[in-house]
Amino acid sequence: MAKVNITRDIIHRQIKERGALGFERHYHVTDPFIRRLGLEAELQVSGQCLKNKTRSFLLASGSDDQHTIVWDPLHHKKLLSMHTGHTANIFSVKFLPHSGDRILITGAADSKVHVHDLTVKETIHMFGDHTNRVKRIATAPMWPNTFWSAAEDGLIRQYDLRENSKRSEVLIDLTEYCGELVEAKCLTVNPQDNNYLAVGANEPFVRLYDIRMIHNHRKSMKQSPSAGVHTFCDRQKPLPDGAAQYYVAGHLPVKLPDYNNRLRVLVATYVTFSPDGTELLVNMGGEQVYLFDLTYKQRPYTFLLPKKCHTSGEVQNGKTSTNGVSNGIHLHSNGFRLSEGRGHVSPQVELPPYLERIKQQANEAFACQQWTQAIQLYSRAIQKAPNNAMLYGNRAAAYMKRKWDGDHYDALRDCLKAISLNPCHLKAHFRLARCLFELKYVAEALECLDDFKGKFPEQAHSSACDALDRDINAALFSKSDNAEDKKGGGPIRLRATGRKASISEDEMVLRERSYDYKFRYCGHCNTTTDIKEANFFGSNAQYIVSGSDDGSFFIWEKETTNLVRVLQGDESIVNCLQPHPSYCFLATSGIDPVVRLWNPRPESETLNGRVVVDMEGASQANQRRMNADPLEVMLLNMGYRITGLTSGGAGGSDDEDSSEGQVQCRPS
Numbered sequence: 051m052a053k054v055n056i057t058r059d060i061i062h063r064q065i066k067e068r069g070a071l072g073f074e075r076h077y078h079v080t081d082p083f084i085r086r087l088g089l090e091a092e093l094q095v096s097g098q099c100l101k102n103k104t105r106s107f108l109l110a111s112g113s114d115d116q117h118t119i120v121w122d123p124l125h126h127k128k129l130l131s132m133h134t135g136h137t138a139n140i141f142s143v144k145f146l147p148h149s150g151d152r153i154l155i156t157g158a159a160d161s162k163v164h165v166h167d168l169t170v171k172e173t174i175h176m177f178g179d180h181t182n183r184v185k186r187i188a189t190a191p192m193w194p195n196t197f198w199s200a201a202e203d204g205l206i207r208q209y210d211l212r213e214n215s216k217r218s219e220v221l222i223d224l225t226e227y228c229g230e231l232v233e234a235k236c237l238t239v240n241p242q243d244n245n246y247l248a249v250g251a252n253e254p255f256v257r258l259y260d261i262r263m264i265h266n267h268r269k270s271m272k273q274s275p276s277a278g279v280h281t282f283c284d285r286q287k288p289l290p291d292g293a294a295q296y297y298v299a300g301h302l303p304v305k306l307p308d309y310n311n312r313l314r315v316l317v318a319t320y321v322t323f324s325p326d327g328t329e330l331l332v333n334m335g336g337e338q339v340y341l342f343d344l345t346y347k348q349r350p351y352t353f354l355l356p357k358k359c360h361t362s363g364e365v366q367n368g369k370t371s372t373n374g375v376s377n378g379i380h381l382h383s384n385g386f387r388l389s390e391g392r393g394h395v396s397p398q399v400e401l402p403p404y405l406e407r408i409k410q411q412a413n414e415a416f417a418c419q420q421w422t423q424a425i426q427l428y429s430r431a432i433q434k435a436p437n438n439a440m441l442y443g444n445r446a447a448a449y450m451k452r453k454w455d456g457d458h459y460d461a462l463r464d465c466l467k468a469i470s471l472n473p474c475h476l477k478a479h480f481r482l483a484r485c486l487f488e489l490k491y492v493a494e495a496l497e498c499l500d501d502f503k504g505k506f507p508e509q510a511h512s513s514a515c516d517a518l519d520r521d522i523n524a525a526l527f528s529k530s531d532n533a534e535d536k537k538g539g540g541p542i543r544l545r546a547t548g549r550k551a552s553i554s555e556d557e558m559v560l561r562e563r564s565y566d567y568k569f570r571y572c573g574h575c576n577t578t579t580d581i582k583e584a585n586f587f588g589s590n591a592q593y594i595v596s597g598s599d600d601g602s603f604f605i606w607e608k609e610t611t612n613l614v615r616v617l618q619g620d621e622s623i624v625n626c627l628q629p630h631p632s633y634c635f636l637a638t639s640g641i642d643p644v645v646r647l648w649n650p651r652p653e654s655e656t657l658n659g660r661v662v663v664d665m666e667g668a669s670q671a672n673q674r675r676m677n678a679d680p681l682e683v684m685l686l687n688m689g690y691r692i693t694g695l696t697s698g699g700a701g702g703s704d705d706e707d708s709s710e711g712q713v714q715c716r717p718s
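Under this note's numbering, the residue at position 145 of the sequence shown is numbered 195, and the numbers go up by one with no gaps.
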């Protein structure tokens, strides 16, 4: 954190009232606070598997015993406890905005949504419209009488407490697009523009809906004179064009068949907006945590493979396009073409001394095969020098060596960035071909390698080129199912295995228009429960926090994606993390029958016993856990020790030749 004069800021806050809010936002959560974060108290409850939700000075928890408890977390006091009327475990609790903390909403595994008046400890509304478990409740700051629910029947329902009807309205029916097997798992409303609703389901795609457009479309349908007259050629769309946007990590759709074969489920377990509403955070079960930029959107870098093209493609990573969307690679039926010739090389500005030292430290970590440490150091340098091609190229090499889930895709993104900054970056060109191969874009990898040989003929017969050439040709002639699917040219990445017939054409179009992520956060494990949360921490969303199957919760810097703190929050699993809106204060819960409260501890206090010192070791263990056989995971959860798990990159089936000849995978 940059040095600041806090004494000056305190005086400024005292003499200028308008400076108080800025002071609070700036010092809400800071790096010293994060380093001193520790356990303050434990709130004992009777049930297990807690779900908690904070308001300014209240904390509500729900548990498997169907009770909800409201706490004063700052004073560690239980204010009230009541049975919710549910007959199964509670999955979600929410305060209704502008109700004076009087109205609480709960959703549970009994498929019911209940509304409670806490002042009289009574359930005042009971909704039983869902036909499967209710996983999440969402509210909107500006709509005090309205809320929404997401359930495993694939429906998003809207409720208005002002209406006399005891029934809710179906706002979104995912089954109309994805078939009967789709399940809605989570949802959230944009805090700055309550017309936008994000929904996660049991698949890698996250959807962003415009509620206003959906309601206007349905009103116009009812008012249309021909609303009730349809022919076989006239199909009414359930959603209007432009009412939905899809977001997905670019490498996940093509990995989906492999994950399904290994019984590894991809499911969005939690979605939330940043405080300013410009970013969307997704905890992807079976994978990592992803942040999507809703303002500066970009297409996935390896997404579409049109069967025909009339112009040669180029590798690019521009900031603008005709529709304001950045594109990574334009991939065509015959791959893509690098820009012809050596091109103009943008001059590389020398790094200032302090960044040069960071780069050298990263290079030393790379030489010692400390891949994660090297990645974090390169990321720190990139944050300060975002236009240095060498840093991106070096970080790509570290990603390729580490081989965690998604690392080859991040390496591909870094290679493209390096090439856009320096078209003659030899190593970035070669690593790009290797990344495409590892990502199963075999034909495109071959064309990229051919272009590399043409652009750098002195490297055409290097051992690295020969090795990659052999790998690619072996894969092209392979009789595996994946190779046959690729050869057919079908967009297998857009379909869920075994559900091709149930996905509508409208859904296919929306998936093809998906946007890619901005940042990825690694280290935790999210495979055991489908309610695991991830949240922004700090008024300016400076940090990302997430629970994990190993009983810890993880804290990352948002901009660098570096892991900065790991704390043991539960004996089994941390599911819920809710930050206080204005204090550096965090509530967590999981399987243990307690809610744990965390805040910065005094500097005089001894080191907290819940601090996980070996953060990299914990992260590596979680990567192995995510790639383990489901039976092994079950045995791990039962306390058995499993041997034989791979101890390398924990990246599943990723393989890479250890030697690259003259274009070795080492930092510059």
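Cβ coordinates follow ideal geometry from the N, Cα and C atoms, glycine included. Remember, predicted model here, so these are calculated numbers, not experimental data.
| query | result |
| --- | --- |
| Complete alpha helix (DSSP H) runs within the stretch 439–463 (minimum length 4 residues, chain order) | 439–452 |
| Local Cβ density within 10 Å of Q338, reported as buried at 16 or more and exposed below that | buried |
| Neighbourhood of A525 by C-beta distance below 6 Å, restricted to the same chain and skipping five residues each side | V492 |
| Buried or exposed by the 16-neighbour rule on C-beta atoms within 10 Å, applied to A417 | exposed |
| Exposure of P123, with buried meaning 16 or more beta-carbon neighbours within 10 Å | buried |
| Check whether L237 and V165 have beta carbons under 9 Å apart | no |
| Under the three-state DSSP convention, the category C715 falls into | With a pLDDT of 46 at C715, under the threshold of 50, the predicted position of this residue should be treated as unreliable, and no value is reported. |
| Environment of Y428 [buried if 16+ CB atoms lie within 10 Å] | buried |
| Q628 - partner residues in DSSP beta bridges | A637 |
| Beta-carbon spacing of F141, K185 below 9 Å | yes |
| Per DSSP, cross-strand counterpart(s) of N523 | In the DSSP output, where bridge partners are listed per residue, N523 has none listed. |
| R314 burial status per 10 Å Cβ neighbour count (16 or more: buried) | buried |
| Member of A439, T328, R452, L441 whose CA lies at the smallest distance from the CA of Q42 | Outside the displayed span of the chain (51 to 718) sits residue 42, for which this structure offers no information. |
| Separation of D599 from E488, as counted between CA atoms | 28 Å |
| Alpha carbon of M192 to alpha carbon of N244, nearest angstrom | 7 Å |
| Among N437, N195, D223, nearest to E213 - alpha-carbon criterion | N195 |
| Spatially closest choice to P288 from R86, Y227, K144, by CA coordinates | Y227 |
| Any alpha helix (DSSP H) of 4 or more consecutive residues that is wholly inside the stretch 397–436 | 403–417, 421–434 |
| Three-state secondary structure assigned by DSSP to N182 | coil |
| For S218, the nearest candidate out of G229, T225, L205, L224 (CA to CA) | L205 |
| Limits of the unbroken alpha helix (DSSP H) element including K261 | Sequence inspection shows Ile at residue 261; the Lys mentioned does not correspond to that position. Residues 261–273. |
| Three or more C-beta pairs below 8 Å linking the stretch 605–616 and the stretch 429–445 | yes |
| Proximity to Y209 [Cα-Cα], best of N437, V220, S669, E655 | V220 |
| Where the alpha helix (DSSP H) containing H479 begins and where it ends | 476–488 |
| Coarse secondary structure for V616, derived from DSSP in three states | strand |
| Exposure label - D260; buried when at least 16 CB within 10 Å | buried |
| Pair within 9 Å by beta-carbon distance, H50 and A159 | Nothing about residue 50 can be reported from this structure: the residues present for the chain run from 51 to 718 only. |
| Cβ separation of S622 and G640, assumed to be a contact under 8 Å, to the nearest whole Å | 6 Å |
| Beta-bridge partners of M176, as assigned by DSSP | H164 |
| Paired residues, beta bridge with D501 - DSSP | Looking at the DSSP assignment, D501 forms no beta bridge with any residue, so it has no partner. |
| Local Cβ density within 10 Å of T156, reported as buried at 16 or more and exposed below that | buried |
| Own chain partners of Q94 with C-beta closer than 6 Å, once the 5 adjacent residues on each side are dropped | V644 |
| Proximity winner among N672, M440, V321, relative to E406 (alpha-carbon distances) | M440 |
| Beta bridge counterpart(s) of Q295 as assigned by DSSP | L258 |
| Proximal residues to P290 (C-beta, below 6 Å), its chain only, five neighbours per side dropped | M263, H267 |
| Beta carbon of L466 nearer than 9 Å to that of N438 | no |
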